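Heads up: the structure comes next, in structure tokens.
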Amino acid sequence: MHFTFQVKLTHFVALDEFYVRFESEEEQYQDMLAQLRDDYKGELEFARPQLWLKGDGAAVWFERQWQRGVVCTSIMNDAVSTLDVFLIDVGKTVTISKEQVLPLHSYYHKPPFAVCCTIGCFDIFHGRRPDLVEECKRMAEAFTTAPSESLSAEIEDKIWDDKEKLKVRLCFRKPTKRVFVPDYFVNEKIIDLR
1 MHFTFQVKLT HFVALDEFYV RFESEEEQYQ DMLAQLRDDY KGELEFARPQ
51 LWLKGDGAAV WFERQWQRGV VCTSIMNDAV STLDVFLIDV GKTVTISKEQ
101 VLPLHSYYHK PPFAVCCTIG CFDIFHGRRP DLVEECKRMA EAFTTAPSES
151 LSAEIEDKIW DDKEKLKVRL CFRKPTKRVF VPDYFVNEKI IDLR
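In the numbering used here, the protein residues as written are 1 to 194.
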């Protein structure tokens with residue numbers, strides 16, 4: 001049995017790793033961002049130096065707003081000035097100044113809004129790797145700027161690898177036609193699904 005949800009693409013790494021947020025949770029996500037903004041307003045001015053361990057929850061000042069994150073690597077040395085943090089509601093790892101990161105209050109220790117997805121296992125046809133890279137770049141640009149309710153994900157399965165991923169079939173509704181991923185890449189003979 002398959003379930004289809006309206007989604008927003010938040011970060012695209014590759015066809016086997018991209019992140020979406022469910023549109024039904026977008027208002028809740030925006031409310032959480034507003035609360036983070038209020039709770040952490042002015043806190044960077046009074047921050048004390050921290051020693052960070054892998055897995056620590058962090059409030060991250062990134063692109064002029066607060067985001068929830070998880071520290072990717074332990075930093076036990078004051079001489080290191082940056083920190084790798086995975087933004088859990090976006091699905092993106094960023095390297096950021098330690099001065100832009102604060103401990104995340106336990107109130108915000110809740111499941112992430114971003115969900116890791118994949119189209120499943122596939123092989124790239126010989127000589128088509130550059131085409132795949134270019135098509136993925138164009139697709140990611142179109143999907144991340146897509147208007148509300150134009151992108152949906154049909155959940156087909158779960159895949160367990162280094163991350164827990166939902167295996168999905170994406171449907172992008174353009175004014176002239178619908179584009180189905182991975183069908184589009186298969187029909188163009190760029191990939192072969194396993």
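Glycine included, every Cβ here is placed at the ideal spot set by N, Cα and C.
These numbers were taken from a predicted model, which means no experiment stands behind them.
Give, in chain order, every unbroken run of the alpha helix (DSSP H) that is at least 4 residues long and sits entirely within the segment 20 to 56. Listed in chain order, they are 26 to 40.
Hey, A59 and V70: beta-carbon distance below 8 Å or not? The answer is no: Cβ separation not under 8 Å.
According to DSSP, is T95 helix, strand or coil? Note: T95 maps to strand in three-state DSSP.
Around the Cβ of Y107, are there at least 16 other Cβ atoms within 10 angstroms (buried) or fewer (exposed)? In this structure Y107 is exposed. Its beta-carbon is surrounded by fewer than 16 other beta-carbon atoms within 10 angstroms.
According to DSSP, is K110 part of a helix, a strand, or is it coil? In the structure shown, K110 sits in coil (DSSP, three-state: anything other than H, G, I, E or B).
Mapping the DSSP letters down to three states, classify L102 as helix, strand or coil. For L102, the three-state secondary structure derived from DSSP is strand.
Assigned secondary structure, K8 (DSSP; H/G/I helix, E/B strand, else coil): DSSP places K8 in strand when its eight states are reduced to three.
Do I75 and G120 have their CB atoms nearer than 8 Å? No.
Determine the DSSP secondary structure at T176, reduced to helix, strand or coil. Note: T176 maps to coil in three-state DSSP.
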